[in-house]
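Numbering (the working numbering), first residue to last: 1 to 721.
Take a look at the structure:
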């Protein structure tokens, strides 16, 4: 068998009917990995595109732990930034977990490589251009306090930074109500030495400001002829001075030429060496080049150190060794100061568990163990949650000039935010205000009321309505009713009853009923199995088995494990479906309505309704602002406070409108099926199952295995997984 045949046999084939070139690129990356001798199993997965595979392969070839970024959910650019960071021993994963990705990570990586204190200024909702402006300011050692604030967009940040670089009084225009174009006109005026008070007002647009600035410049130029004449006279005097200096320099050169008679003798008495100062005056290195006749002595070195006023940390042994052993063409450390030691930053000591697994453990068949998961941590009233240890003072150092180096003290952390706890009188001890459920998410403590029901809930128990969360140690039987503003967790199973939660609902064992189980969650719904259940959820619905159920979710329906089955009933899932098996051999009708279904349309109607309300409010505010500007144009005054309030309200409403449009756009993008996986069947899809994508139906006419269903134009297509 030829080498070519062996290579072909070893290729991992991913049948993708719609794009053969894509598959070819994937197989090429696997082939390159095998040729390089790396473990290609880390990325031999069709869920990775070939660009992602390339980043994993390059990391493996360079000896990196590529597993830290080998995740199909990470984009190619995110993988690239993590890989590049690993070369410099920089960990970007904590920033990735905070929501930063792609260009954001690149800016953070550049800052960390320069050892810039970017963490002190980084906020979770900052974008890459904002981080860039902060990084540039830190690199240029300017005081970024003025603009390193999330209330400024990146263009406003840039205008303030440019002003700081020119040593301008940026406080004059560092007002977030001014847009970047207005800021620029004020900055340009300050740079030109103009009196910007004539146009520094929120009333004027950037165009108005520009016209007023140019008018001031024109008036200034028209009265500047006398100054120009004086300037020309000054230039003439300067030229005469330069000519005189040139004559003196020529005389010195002639003198040197006359004294050059002894140059041949000086060739054998050369004393060429250099002393370089590095690390901000903390280290001095000597370098003696090898040149015939170059005879440098210890006295020469000490004389130069004295001339440079280097008096501390001199390494006498190193100087002696360098001279006695004639160590030429080497950089020798001959003086070293004591660096200042930064104090330890403040830190929190926790007395509750923060590492409860958010994801249940996998079962041997690939399913999920919902039964044994610890869903929450309980705390008692008065229980100590955390103790803050204050930052420590740094220790001062001394540079090679004998100067004291001020030590940077450790940085204090901000107090913890959240609800359900108090900070004791010592200012560092955090205790719980109540008996409840403890959570720590996104840097916030959340302690909410948790009702623990240590019995089964039935019609006899009565309705349970709780402002908080509910944990039922038993099961829910006929007539059971629970309504909670937080989460609902059922330790065993649900037969018949109603569960309504503002947060997540977890039924560890599962639910079996005769279509008399009603579940409504503002978050996710999860459990081992659901049979004949009616489920409404804003988040995903997860289980190992779902049969004859009606599910409505804005997220995805996910059925795990090689024995996982989505069978019968109707699934309306805007986000899609991911299951192992779909339907069964008895052709029990299973309907999947994905994407732009009734739920999607209802949600979009709500968005449109809210948008109309916001537009109406904005229109009213803009009319008010029009009245204000009309009054000002008439020469009358309007209090600055009123102007600010109206402009601030306009900005708030505009931001809400932008956020609403962003949410609507996300929902629209979620239903764009091209290039995504709206329906993924990892095992068998049986005859009779119906897949509806954006209103276009497809009925399976025969059993198929490992397939994806996508929308291509006006047709549902089926492709191999």
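Don't be surprised by glycine CBs; every beta carbon is placed ideally from N, CA and C.
Asked: Beta-bridge pairing of residue 286 - partner residues as DSSP gives them; Found: 275, 332
Asked: The segment 554-562 in contact with the segment 647-658 per 3-pair CB rule at 8 angstroms; Found: no
Asked: Residue span of the alpha helix (DSSP H) that contains residue 97, given as start and end; Found: 93-97
Asked: Beta-carbon proximity of residue 408 to residue 342, cut-off 9 angstroms; Found: yes
Asked: Secondary structure, beta strand (DSSP E): runs of 3+ residues fully inside the segment 513-595; Found: 525-527, 530-537, 541-543, 545-553, 556-559, 565-573, 576-579, 590-594
Asked: Residue from 443, 312, 160, 460 with nearest C-alpha to residue 401; Found: 312
Asked: Reduced DSSP category for residue 327 - H, G, I as helix; E, B as strand; rest coil; Found: coil
Asked: For residue 493, three-class secondary structure by DSSP; Found: strand
Asked: C-beta atoms of residue 185 and residue 221 nearer than 9 angstroms; Found: no
Asked: Cβ neighbour criterion (16 or more within 10 Å) applied to residue 701; Found: exposed
Asked: Residue(s) in a DSSP beta bridge with residue 715; Found: 712
Asked: Cβ contact (3+ pairs, closer than 8 angstroms) linking the segment 584-596 and the segment 686-693; Found: yes
Asked: Terminal residues of the alpha helix (DSSP H) in which residue 189 lies; Found: 180-191
Asked: Selection from 380, 416, 316, 334 that minimises the alpha carbon distance to residue 349; Found: 416
Asked: Check whether residue 433 and residue 469 have beta carbons under 9 angstroms apart; Found: no
Asked: Residue burial classification, residue 680 (beta-carbon count within 10 angstroms, cutoff 16); Found: buried
Asked: Beta strand (DSSP E) segments (min. 3 residues) lying fully within the segment 371-402; Found: 377-379, 384-389
Asked: Proximity winner among 592, 448, 486, relative to residue 549 (alpha-carbon distances); Found: 592
Asked: Continuous beta strand (DSSP E) stretch holding residue 630: start and end; Found: Not the beta strand (DSSP E): residue 630 falls in the alpha helix (DSSP H), residues 598-633.
Asked: Own chain residues within Cβ distance below 6 angstroms of residue 572, not counting five before or after; Found: 552, 593, 597, 599
Asked: Of the listed residues 102, 106, 331, nearest to residue 318 (C-alpha basis); Found: 331
Asked: Span of the alpha helix (DSSP H) around residue 439; Found: Careful: residue 439 lies outside any alpha helix (DSSP H), inside the beta strand (DSSP E) at 436-441.
Asked: C-beta atoms of residue 481 and residue 457 nearer than 9 angstroms; Found: yes
Asked: Pair within 9 angstroms by beta-carbon distance, residue 81 and residue 115; Found: no
Asked: Proximal residues to residue 287 (C-beta, below 6 angstroms), its chain only, five neighbours per side dropped; Found: 274, 331
Asked: Close Cβ partners of residue 424 (< 7 angstroms) along its chain, the five nearest in sequence each way excluded; Found: 431
Asked: Delimiting residues of the alpha helix (DSSP H) encompassing residue 207; Found: 206-222
Asked: Alpha helix (DSSP H) segments (min. 4 residues) lying fully within the segment 418-476; Found: none
Asked: Between the CA atoms of residue 96 and residue 123 - distance to the nearest angstrom; Found: 13 angstroms
Asked: N-terminal and C-terminal residue of the alpha helix (DSSP H) that residue 127 is part of; Found: No alpha helix (DSSP H) contains residue 127, which DSSP labels as neither H nor E.
Asked: Closest Cα partner of residue 285 within the set 293, 291, 327; Found: 327
Asked: Rounded C-alpha distance that separates residue 129 from residue 153; Found: 9 angstroms
Asked: Whole-angstrom distance between residue 315 and residue 151, CA atom to CA atom; Found: 52 angstroms
Asked: Separation of residue 305 from residue 283, as counted between CA atoms; Found: 12 angstroms
Asked: Contiguous alpha helix (DSSP H) assignments of at least 4 residues, all confined to the segment 59-106; Found: 76-87, 93-97
Asked: For residue 727, three-class secondary structure by DSSP; Found: Lying outside 1 to 721, the shown extent of the chain, residue 727 is not represented and no answer is given.
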